[in-house]
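Under my numbering, the letters of the sequence shown match residues 1033 to 1666, in that order.
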Amino acid sequence: MSDFLAALSSRPLLSDGAMGSYLFTLTGRLSEANHVYEAFNLDRPELVRQVHRDYLAAGARGLKTNTFGANFAQLRQFGLQDRVDEINRAGVRLVREEITAAQPAEPVFVLGSMGPTAEELDTALAVADAYHAQVDALIAAGADALLLETFGSLKQLELLIALIKSRPGAPPIIANLALRPDDKVRVPENDPKDFVRHMADLGVAVAGVNCCAPWDATAFVEAVADTEPVRAGRILLAAMPNAGGFQRVGNRFMTTVNPEAAGKLARSLADRGVRLLGGCCEMHPPHIAEMRNYLATRGAGAGITTAARAATLAPCGEAEKADNGRFSRKLKAGEFVVSVEAMPPRGTDDAVVRRKVELVAQLAASGLVDAVDFTDGSRGIPLIPPGDFIQLVRTRLRWTAETGDAVEFIPHFTGRDLNVMGVQSRLLGYHANRIHNVLFVTGDPPKMSPTYPRSTAVFDLDSVAMIRLTHTCLNAGVDFGGAPLGRHADPRMHFTIGSGVEPEAPDLPRELDRLRRKIDHGADYIMTQPAFRSEPLAALEPLRDRCAFLVGVMVLSNLEHARRMAQVPGVVVPDAMLQRFAAYADVADQNKLGQELAAAQIREIVSEGWAGVYLMSTSAGAGTLDILKAGLGR
1033 MSDFLAALSS
1043 RPLLSDGAMG
1053 SYLFTLTGRL
1063 SEANHVYEAF
1073 NLDRPELVRQ
1083 VHRDYLAAGA
1093 RGLKTNTFGA
1103 NFAQLRQFGL
1113 QDRVDEINRA
1123 GVRLVREEIT
1133 AAQPAEPVFV
1143 LGSMGPTAEE
1153 LDTALAVADA
1163 YHAQVDALIA
1173 AGADALLLET
1183 FGSLKQLELL
1193 IALIKSRPGA
1203 PPIIANLALR
1213 PDDKVRVPEN
1223 DPKDFVRHMA
1233 DLGVAVAGVN
1243 CCAPWDATAF
1253 VEAVADTEPV
1263 RAGRILLAAM
1273 PNAGGFQRVG
1283 NRFMTTVNPE
1293 AAGKLARSLA
1303 DRGVRLLGGC
1313 CEMHPPHIAE
1323 MRNYLATRGA
1333 GAGITTAARA
1343 ATLAPCGEAE
1353 KADNGRFSRK
1363 LKAGEFVVSV
1373 EAMPPRGTDD
1383 AVVRRKVELV
1393 AQLAASGLVD
1403 AVDFTDGSRG
1413 IPLIPPGDFI
1423 QLVRTRLRWT
1433 AETGDAVEFI
1443 PHFTGRDLNV
1453 MGVQSRLLGY
1463 HANRIHNVLF
1473 VTGDPPKMSP
1483 TYPRSTAVFD
1493 LDSVAMIRLT
1503 HTCLNAGVDF
1513 GGAPLGRHAD
1523 PRMHFTIGSG
1533 VEPEAPDLPR
1543 ELDRLRRKID
1553 HGADYIMTQP
1563 AFRSEPLAAL
1573 EPLRDRCAFL
1583 VGVMVLSNLE
1593 HARRMAQVPG
1603 VVVPDAMLQR
1613 FAAYADVADQ
1623 NKLGQELAAA
1633 QIREIVSEGW
1643 AGVYLMSTSA
1653 GAGTLDILKA
1663 GLGR
């Protein structure tokens, strides 16, 4: 097996984005006579180097050569047919030189890009005349794989694959269809499943799509993910979509595929089994950087092992955790619990702080709420850390160690910002400051505005690893290395440990496997992502006797909010619900409907015997208590 295929088999590999549209951005001119993009390999190599350098800096581990149209047929129209060999060899050489100069920590692979001809070729002789010089040059120059991209003619693609296979020393082949019906590219009429099976039979290593809308790439992957060649590993999947088309959002036409959306798409496609990810038209370095950040969340904690020395004491038990507060006490007693999510402030406006503190006081005074959980850099933006804000709330409300807290505080805790040592240090601080209940989530990468200094995601630990280390180490009286936390008789901490689950995750088997590991490693409770219908919760039924589940209820404030949530991977807003919102023209009526739907969900959660409810989107403000009263029947 080649090094490239070995890398793909171990975990998803991120390639770069567009070459042509990025060169257009850098030069302001389309590829044309006397300004042919492929000829830049010889005539303006510094531009091509910059493209490769920018994608390397963004985190790409697969770089496409600037040879998409560098075949005999395409170059002949510009009088460059005699330079096919040197253009293609230079394309590989420029990538290799930039990789060497960058000295990346992980291997980076050269993908020899080959595109279709303007006119469809349907004979072996015609394909050989157009491509043999390009194929031979890319192989001789040492490309790690040949990327056949943006093909619309299945016949031409088959003939080109046969030509490559006839060459000694040919590298692995990646065959990508273009799913965009226009005048130049014909969408094949064959079924995606048939295409993948056929490519596997032809000995193609990787097959997929490129130059299509993100939603079309997702549909293709969903259609083929369960085919026999993919399940058996005979062929791997690739997806390199465009930045997407324009859609009407409110009173504007805009594309919603910004870098953050590209990052979420990459993680979603990886969860569906795609092994080679990247971008095509208008997917530039910022998009690839976000893809890298989001993919990093999938590998967090992979290298963390157990403590060096076993703890001499067993982890603390139910009785110790029950003393952590109102929420923990009711949870351990098997009573229905309610947690309301709140977001710490972003800036210094004391009026904002006062409103949030007042909300906590109102929730506590109602007697309906057992815990308030504070997000940790929600949506990847800088907010007051939850532990700091908890202390601020306590100070404003005069809740001390002597008086106790009227509600239990639960900080969300992400693996985004802290290395292993930092995670342990923060948990030590939490425990010393009477914060004894923690909700561990892997978290999303930082999403800063262009004017904000670059912030790097850490992700040493994912939620599974943080749960395990907290339960088996800290709650057993040793640090992450196995050293005792003190010389006194009982140095154990006593954290109540929570985490999350996505009942409608794109890759549900993987999500359920992670959930089982969270429970095995010591989670006391699990909060679900918003569940707008009860059917997905059935997947959790086999585990209900092993852990307490709080079902997530999100208060949708209006139709636009519902539509935004419907685009979030792992969240499904039923069409019937969207139609109910759309039936009201007045936003106030839509807001009222959102509150009614949330209350109805809470009643259903109670009736189905779940351990509790996790209420999200407290933009409802005073309406939060009305929702809880209606839902809990109090």
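Backbone N, C-alpha and C fix where the C-beta goes; we use that ideal spot for every residue, glycine too.
#1: Since asparagine 1242 and asparagine 1290 should fall inside the 8 Å C-beta cutoff, what is the C-beta to C-beta distance between them, to a whole number of angstroms?
#2: In terms of alpha-carbon separation, which member of Tyr1087, Gln1633, Phe1110, Phe1581 lies closest to phenylalanine 1368?
#3: Three Cβ pairs or more, each shorter than 8 Å: is that satisfied between the stretch 1343-1357 and the stretch 1618-1631?
#4: With DSSP collapsed to three states, give me the class of methionine 1609.
#5: State buried or exposed for tyrosine 1484, treating a residue as buried only when at least 16 other CB atoms are found within 10 Å of its CB.
#6: May I ask you to report which of helix, strand or coil DSSP gives methionine 1315?
#7: Check whether the Cβ atoms of alanine 1102 and valine 1116 lie closer than 8 Å to each other.
#8: Can you tell me which residues form a DSSP beta bridge with valine 1372?
#9: Between threonine 1432 and proline 1418, is the Cβ-Cβ spacing less than 8 Å?
#10: Can you name the start and end residues of the beta strand (DSSP E) that histidine 1444 belongs to?
#11: Taking the straight line between their C-alpha atoms, what separation do you get for alanine 1321 and lysine 1296?
#12: Mind checking whether valine 1385 and valine 1439 have CB atoms under 8 Å apart?
#13: Counting only runs of 4+ residues fully inside the stretch 1466-1504, write out the alpha helix (DSSP H) ranges in chain order.
#14: If we count the other Cβ atoms within 10 Å of its Cβ and call it buried at 16 or more, is glycine 1399 buried or exposed?
#15: Helix, strand or coil, according to DSSP, for glycine 1454 in the structure here?
#16: Note the first and the last residue of the continuous beta strand (DSSP E) segment covering valine 1425.
#17: Under the assumption that leucine 1189 contacts leucine 1180 (Cβ atoms under 8 Å), give the Cβ distance between them as a whole number of angstroms.
#18: In its own chain, which residues sit with a C-beta less than 8 Å from the C-beta of threonine 1057, not counting the 5 before and 5 after it?
#19: Mind checking whether threonine 1656 and valine 1372 have CB atoms under 8 Å apart?
#20: Could you name the residues of the same chain whose beta carbon sits closer than 8 Å to that of threonine 1149, not counting the 5 residues immediately before and after it, in chain order?
#21: Pairing CB atoms from the stretch 1520-1529 with CB atoms from the stretch 1351-1364, are three or more of them under 8 Å?
#22: Since methionine 1272 is in the beta strand (DSSP E), which residue starts that stretch and which ends it?
#23: Going by beta carbon distance, what residues of the same chain come within less than 7 Å of proline 1606, once the five residues before and after it are set aside?
#24: Secondary structure at serine 1047, three-state DSSP: helix, strand or coil?
#25: Taking one C-beta from the stretch 1584-1597 and one from the stretch 1538-1554 each time, how about it: are there three or more such pairs within less than 8 Å?
#26: Can you find the residues in the same chain that come closer than 7 Å, C-beta to C-beta, to leucine 1112, ignoring five residues on each side of it along the sequence?
#27: Once the 5 residues before and after proline 1246 are set aside, which same chain residues still bring their CB inside 7 Å of it?
#28: Going straight from the alpha carbon of leucine 1074 to that of leucine 1540, what length do you get?
#29: Which of the three DSSP states is assigned to arginine 1307 in this structure?
#30: For serine 1649, count neighbouring Cβ atoms within 10 angstroms of its own Cβ and tell me buried if that reaches 16, exposed if not.
#31: Going by other Cβ atoms of all chains shown within 10 Å of its Cβ, with 16 needed for buried, is leucine 1660 buried or exposed?
#32: Among the candidates Ala1537, His1553, Asp1511, whose CA atom is the shortest distance from the CA of glycine 1530?
#33: Here's the rule I'm using: 16 or more other beta-carbon atoms within 10 Å means buried, otherwise exposed. How should glutamine 1599 be labelled?
#34: Residues bridged to isoleucine 1205 by DSSP?
#35: Please look up how many angstroms separate the CB atoms of glutamate 1130 and leucine 1079, rounded, as I've assumed it's under 8 Å.
#36: Look at the alpha carbon of alanine 1249 and the alpha carbon of alanine 1271, and state the distance between them as a whole number of angstroms.
Let me lay it out:
#1: Within the sequence shown, the letter at position 210 stands for residue 1242. Within the sequence shown, the letter at position 258 stands for residue 1290. In fact, because the Cβ distance is near 20 Å, the residues do not count as touching under 8 Å.
#2: Numbered from 1 along the sequence shown, position 336 holds the residue referred to as residue 1368. Among Tyr1087, Gln1633, Phe1110, Phe1581, the Cα nearest to that of phenylalanine 1368 is on Phe1581.
#3: Contact between the stretch 1343-1357 and the stretch 1618-1631 is absent, because fewer than three Cβ pairs lie under 8 Å.
#4: To locate residue 1609, count along the sequence shown from 1; it is residue 577. Helix, per DSSP.
#5: The count along the sequence shown starts at 1 and reaches residue 1484 at position 452. Around the CB of tyrosine 1484, fewer than 16 other CB atoms lie within 10 Å, so the residue is classed as exposed.
#6: Here residue 1315 refers to the residue found at position 283 when the sequence shown is read from its first residue. Methionine 1315 falls in the coil class under three-state DSSP.
#7: The sequence position of residue 1102 within the sequence shown is 70, counting from 1. The sequence position of residue 1116 within the sequence shown is 84, counting from 1. A contact, by the Cβ cut-off of 8 Å.
#8: Along the sequence shown, one-based indexing puts residue 1372 at 340. Note: valine 1372 is bridge-paired with Val1404, Leu1647 in the DSSP secondary-structure output.
#9: Counting from 1 along the sequence shown, the entry for residue 1432 is found at position 400. Counting from 1 along the sequence shown, the entry for residue 1418 is found at position 386. In this structure, threonine 1432 lies away from proline 1418, with their beta-carbon atoms at least 8 Å apart.
#10: The residue labelled residue 1444 in the question sits at position 412 within the sequence shown. For histidine 1444, the uninterrupted beta strand (DSSP E) run begins and ends at 1440-1446, by DSSP.
#11: Taking the first residue of the sequence shown as 1, we reach residue 1321 at position 289. Taking the first residue of the sequence shown as 1, we reach residue 1296 at position 264. Taking C-alpha positions only, alanine 1321 is separated from lysine 1296 by approximately 12 Å.
#12: Indexing the sequence shown from 1 puts residue 1385 at position 353. Indexing the sequence shown from 1 puts residue 1439 at position 407. At the C-beta level, valine 1385 and valine 1439 stay beyond 8 Å of one another.
#13: Residue ranges of uninterrupted alpha helix (DSSP H) with 4 or more members, entirely inside the stretch 1466-1504 and ordered along the chain, are 1495-1504.
#14: The count along the sequence shown starts at 1 and reaches residue 1399 at position 367. Exposed, because fewer than 16 other Cβ atoms sit within 10 Å of the Cβ of glycine 1399.
#15: In the sequence shown, residue 1454 corresponds to position 422, counting from 1. In this structure, glycine 1454 counts as helix in the three-state DSSP scheme.
#16: As a first step, residue 1425 must be located in the sequence shown, where it is residue number 393. Valine 1425: not part of any beta strand (DSSP E); member of the alpha helix (DSSP H) spanning 1418-1429, first to last residue.
#17: The residue labelled residue 1189 in the question sits at position 157 within the sequence shown. The residue labelled residue 1180 in the question sits at position 148 within the sequence shown. Taking 8 Å as the upper bound for CB-CB distance, leucine 1189 and leucine 1180 are in contact here, some 6 Å apart.
#18: The sequence position of residue 1057 within the sequence shown is 25, counting from 1. Excluding sequence positions up to five before and after threonine 1057, its CB lies within less than 8 Å of the CB of His1316, all in the same chain and listed in chain order.
#19: As a working mapping, residue 1656 is identified with position 624 in the sequence shown. As a working mapping, residue 1372 is identified with position 340 in the sequence shown. Yes, these two residues count as a Cβ contact at 8 Å.
#20: Looking up residue 1149 in the sequence shown gives position 117. Correct list, in chain order: Asn1103, Ala1105, Gln1106, Ala1162, Gln1188.
#21: The stretch 1520-1529 vs the stretch 1351-1364: in contact.
#22: Indexing the sequence shown from 1 puts residue 1272 at position 240. Unbroken beta strand (DSSP E) run through methionine 1272: 1268-1272.
#23: Reading the sequence shown from its first residue, position 574 is the one you call residue 1606. A distance below 7 Å between beta-carbons, with the five flanking residues on each side excluded, links proline 1606 to the following residues of its chain, in chain order: Phe1564, Arg1565.
#24: As a working note, residue 1047 is residue 15 in the sequence shown. Secondary structure of serine 1047 (DSSP, three-state): strand.
#25: Touching, no, given that fewer than three Cβ pairs across the two stretches are closer than 8 Å.
#26: The residue you call residue 1112 lines up with position 80 of the sequence shown. If we look at leucine 1112 and ignore the five residues flanking it on each side, its Cβ neighbours are Val1068, Ala1071.
#27: Working through the sequence shown from its first residue, we reach residue 1246 at position 214. These residues qualify, in order along the chain: Pro1273, Gly1276, Val1289, Leu1297.
#28: Indexing the sequence shown from 1 puts residue 1074 at position 42. Indexing the sequence shown from 1 puts residue 1540 at position 508. Whole-angstrom Cα-Cα distance: 49 Å.
#29: The sequence position of residue 1307 within the sequence shown is 275, counting from 1. DSSP places arginine 1307 in strand when its eight states are reduced to three.
#30: Working through the sequence shown from its first residue, we reach residue 1649 at position 617. It counts as buried.
#31: Here residue 1660 corresponds to residue number 628 of the sequence shown, with the count starting at 1. By the 10 Å Cβ count, leucine 1660 comes out buried.
#32: By one-based count along the sequence shown, residue 1530 stands at place 498. Taking each of Ala1537, His1553, Asp1511 in turn and checking the Cα distance to glycine 1530, the smallest one comes out for His1553.
#33: Indexing the sequence shown from 1 puts residue 1599 at position 567. Under this definition glutamine 1599 is an exposed residue.
#34: Counting from one through the sequence shown, the residue named residue 1205 turns up at place 173. Isoleucine 1205 is bridged by DSSP to Leu1178.
#35: The residue you call residue 1130 lines up with position 98 of the sequence shown. The residue you call residue 1079 lines up with position 47 of the sequence shown. Contact flag wrong, Cβ pair sits at about 12 Å.
#36: Taking the sequence shown and counting its residues from 1, the one referred to as residue 1249 is at position 217. Taking the sequence shown and counting its residues from 1, the one referred to as residue 1271 is at position 239. The alpha-carbon of alanine 1249 is positioned some 6 Å away from that of alanine 1271.
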